[in-house]
Amino acid sequence: MIGWDTNLDRVLGGKTAKALDSSFGMSTVGDLLRHYPRRYAERGELTAIGGLEIGEHATVLARVERVGKRKMRARRGTILQARITDGTRSMSCTFFNQAWRERELLPGRRGMFAGKVTAYRGELQLAHPEYQLFTEEGEEDAHDVAREFAAALIPVYPAAQGVPSWSLARCVAQVLDGWQGVEDPLPESLRERAGVLELNQALRWIHQPEGTDQVEAARHRLKWDEALGVQLSLAQSRSRQDARPAPSCPRHDRGAGADFDARLPFALTSGQAEIGERIAEDLSARHPMNRLVQGEVGSGKTVVALRAMLQVVDSGGQAAMLAPTEVLAAQHARSLREMLGELARAGEFGSPEHATRVALLTGSLPAAQRKQALLDAASGAAGIVVGTHALLQDQVSFAGLGLVVVDEQHRFGVEQRDALRARAGEDTCPHLLVMTATPIPRTVAMTVFGDLRTSALRELPRGRSPISTTVVPSAEKPAWLDRMWQRVGEEVARGHQVYVVCPRVGDENGARSHEDEVTEGDTGDEAGPTGPDGGDGNSARRAPVAVLELAERLRRGPLRELRVGVLHGRLSPDDKDSVMRRFAAGELDVLVATTVIEVGVDVPNASMMVIMDADRFGMSQLHQLRGRVGRGSAPGLCLLVTESVPQTAARARLDAVASTTDGFELARLDLLQRREGDVLGEAQSGRRSALRMLSLVHDEEIIAEARDQAEAVVGQDPELRSHPGLAAMIDELVADQRADFLEKA
1 MIGWDTNLDR VLGGKTAKAL DSSFGMSTVG DLLRHYPRRY AERGELTAIG GLEIGEHATV
61 LARVERVGKR KMRARRGTIL QARITDGTRS MSCTFFNQAW RERELLPGRR GMFAGKVTAY
121 RGELQLAHPE YQLFTEEGEE DAHDVAREFA AALIPVYPAA QGVPSWSLAR CVAQVLDGWQ
181 GVEDPLPESL RERAGVLELN QALRWIHQPE GTDQVEAARH RLKWDEALGV QLSLAQSRSR
241 QDARPAPSCP RHDRGAGADF DARLPFALTS GQAEIGERIA EDLSARHPMN RLVQGEVGSG
301 KTVVALRAML QVVDSGGQAA MLAPTEVLAA QHARSLREML GELARAGEFG SPEHATRVAL
361 LTGSLPAAQR KQALLDAASG AAGIVVGTHA LLQDQVSFAG LGLVVVDEQH RFGVEQRDAL
421 RARAGEDTCP HLLVMTATPI PRTVAMTVFG DLRTSALREL PRGRSPISTT VVPSAEKPAW
481 LDRMWQRVGE EVARGHQVYV VCPRVGDENG ARSHEDEVTE GDTGDEAGPT GPDGGDGNSA
541 RRAPVAVLEL AERLRRGPLR ELRVGVLHGR LSPDDKDSVM RRFAAGELDV LVATTVIEVG
601 VDVPNASMMV IMDADRFGMS QLHQLRGRVG RGSAPGLCLL VTESVPQTAA RARLDAVAST
661 TDGFELARLD LLQRREGDVL GEAQSGRRSA LRMLSLVHDE EIIAEARDQA EAVVGQDPEL
721 RSHPGLAAMI DELVADQRAD FLEKA
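See the structure below:
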């Protein structure tokens, strides 16, 4: 009997089970059946080669165009190259010392080809691919394992080296032949209300459909399960959160907040005023605020956050602002003190009676300053405490923490944010205000799921200049690089300054540094597997451009007449601050830096940015980076340098960034290109993704329906004691760690 929890080695044998475990982490029948096809192919339909991603393991349905072989020049042996096509674009399949394949790979034959996508001289290729050719019409099928190709729809699974899609299809077929089924976690009444299939039918149809109608029905049921599992978990977390009160902080007509508003040298934008009213209402309530404020760089988020913090201070509480870097924390502290003026000088002669203090707490503060900051936080003398991860340490305490403001939330783990909220004590939960200049995909995801109340500052910042963005394809047009460095010199000659951003620091033997912000699609180019000398195809990927190495080359070469500085996370806080102050003062022309400059750095005279190996950054991060330029009167220019091949997904991302300056649209595009499971915290929880089918962009209607059902169920049965199947669904789809993750978010 084959059940859901049956070990795969009992069904498929030890060798196959071991391969599935090492490649995909599968150990049970349930693991295999939850590994859904990525798409479905038809015999007459070919895969679009142009959408492939460099570095991915892809399965393509294609037609053999031509085959040729030649001798290797560097050593003995032959190279066989088969050209395959989707009808509009071609790619090569390369085999070493396997000339016999020429008898199989005849022009005109169609089949499935699986392997790692690489590039050489601007062309895509698969090195040593596995393949399965279709049987020609009228020809007897010589493959007793090729039955999956007889179906109208051919499932194409996420595959791995040594475990191609067709092998996974055979494993699934072998399991389904003897599978006894699984108990449906959804009560029949709920299935009828939702109009979804029974689970066993959905699982069989998703793997072995007879038509697209069966595929759609199966997908709808499996999407519903994923949406309901997450919504049940969120509904339970909201129920528990509502039971933990937050401090009520109503607005005061006379206090620091009112005084600050009266002193503002400018009028609030309509967006700032509207969002301020919503936050004021949230802070007045006795249940925790959990609000996200999104807005482009310079749109006034800091003023919104400061007004909220002053409302809490006026009510006798404290506010903590968590920043991702010491540079940004120090800048925030200076900026808040400057905006507050004498309102930040509590205890000093002549200061208003409702004034407070702004304390800065970072890991590198001198002992005396650190001791004073800790004392000000613990005693309540500092109404506002700004810091980095140092705020999360056990020795940090607050007199009455009422509000936590998190700047650029994607730079912190959920556990870190929760640790700060825990500083309020066991009996209360502080309000939470999250700020981001770019709504990263996870933020968009949680917004769709309804776990964050969101506010958007969409008005264009006052005084901001337009930013134009251009892709510099260095592999195709190497002369553009020379022109780019000339352009840097011209910008400096006009009296402006330039950032040059690199993915890593350098001097770490080619490995990525701790500060390599390679997120949301690390898909840069790769050395080609077959060089002109007939190499062995094992060329390693080029190390990312490094700050220290590039700065030295620029000082000796194209920028030798300019003043070039470096900034990265390994510098001491004093050195970082010194470099930034020199750059801000115009004592440096060019700053070669890592993404330490991504947030908070404000130098209005910087008008140009060059981002090296731009394909190694995510779309939202690129948008965040370019927000450092165009902050003054001069138009901003951002150049995205890449070796990525045209018409690949990596290049498409860069083209998208170059085509729009709308961060909200970029976040949507970013989400479309990423797996939703990753968005919900796979990287931080260390577990495999639970969301394999649900699309947060396309399935908002299903998510909304599931939310309504989850609220109704949890409202009547908060712990799901009367719904053991639904509780089990949460355990499977939203494992314990993930539930904690969602609750803390």
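Using UniProt numbering, the letters of the sequence shown map in sequence onto residues 1 to 745. We put the CB at the ideal spot given by N, CA and C, even for glycine. Computed from a predicted model, the values in this text were never measured in an experiment.
Burial check for Ser572: the Cβ neighbour count within 10 Å stays below 16, so the residue is exposed.
In the DSSP assignment, Arg39 falls within the unbroken beta strand (DSSP E) covering Arg39 to Ala41. Separation of Val163 and Leu640 (C-alpha to C-alpha, rounded to the nearest whole angstrom) is 36 Å. For Trp224, the number of other beta carbons within 10 angstroms of its own is at least 16, and it is reported as buried.
Rounded to the nearest angstrom, the gap between the Cα atoms of Gly565 and Leu550 is 11 Å.
Closest by C-alpha distance to Thr594, out of Gln125, His431, Ile49 and Arg570, is Arg570. Under the three-state reduction of DSSP, Gln369 is assigned to helix. Residue environment analysis places Arg651 among the buried positions, since at least 16 neighbouring C-beta atoms fall within 10 angstroms of its C-beta.
In the structure shown, the three-state DSSP call for Asn200 is helix. Taking a contact as a CB-CB distance under 8 Å, the pair His35 and Leu168 counts as one, their CB atoms being some 7 Å apart. If you draw a straight line from the Cα of Val472 to the Cα of Gln125, it comes to about 23 Å. Secondary structure at Gly586: coil, using DSSP grouped into helix, strand and coil. Within a 10 Å sphere around the beta-carbon of His698 sit fewer than 16 other beta-carbons, which makes this residue exposed. In the three-state DSSP reduction, His57 falls in the strand class (E or B). If you draw a straight line from the Cα of His431 to the Cα of Gly363, it is about 25 Å long.
Counting only runs of at least 4 residues, the segment 264-339 fully encloses the following alpha helix (DSSP H) elements, listed from N- to C-terminal order: 270-284 and 301-314.
In its chain, beyond the 5 residues on either side, Ala202, Trp205 and Ile206 have a beta carbon closer than 6 Å to the beta carbon of Ala218. With contact defined as three or more Cβ pairs closer than 8 Å, the segment 82-102 and the segment 59-74 are in contact. Here the alpha carbons of Thr94 and Gln208 stand approximately 32 Å from one another. Check the Cα spacing between Ser379 and each of Gly387, Ala368 and Ala359: the tightest is with Ala359. Nearest to Ile54 by alpha-carbon distance, out of Phe113, Glu123 and Leu12, is Glu123. One Cα belongs to Ala728, the other to Val11, and the distance between them is close to 24 Å. Under the three-state reduction of DSSP, Asp376 is assigned to helix.
For the segment 85-145, the continuous beta strand (DSSP E) assignments of 3+ residues that do not extend past its boundaries occur at 90-96, 110-120, 123-127 and 130-133, in sequence order. For Val500, no alpha helix (DSSP H) segment is defined; the enclosing uninterrupted segment is the beta strand (DSSP E) at Gln497 to Val501.
Note on geometry: alpha-carbon atoms of Glu643 and Ser659 lie some 19 Å from one another. Nearest C-alpha to Tyr157 among Gln369, Leu33 and Ser468: Leu33. Distance from the Cα of Gly632 is smallest, within the candidate group Val505, Gly495, Ala329 and Leu559, for Gly495. Closest by C-alpha distance to Ala344, out of Gly271, Val405 and Gly257, is Gly257. By the C-beta criterion, the segment 327-338 is judged not to be in contact with the segment 273-283, since fewer than 3 inter-stretch pairs fall below 8 Å. Between Trp485 and Leu559, the C-beta gap is smaller than 8 Å, which places the two residues in contact. Within the DSSP secondary-structure output, Gln647 pairs in no beta bridge.
In the DSSP assignment, Met612 falls outside any beta strand (DSSP E) and carries neither an H nor an E. Pairwise C-beta distances place the segment 496-505 in contact with the segment 603-612, as three or more of them are shorter than 8 Å.
For Pro724, the uninterrupted alpha helix (DSSP H) segment begins and ends at Pro724 to Leu733.
Among the bridge pairs identified by DSSP, Asn605 is matched with none.
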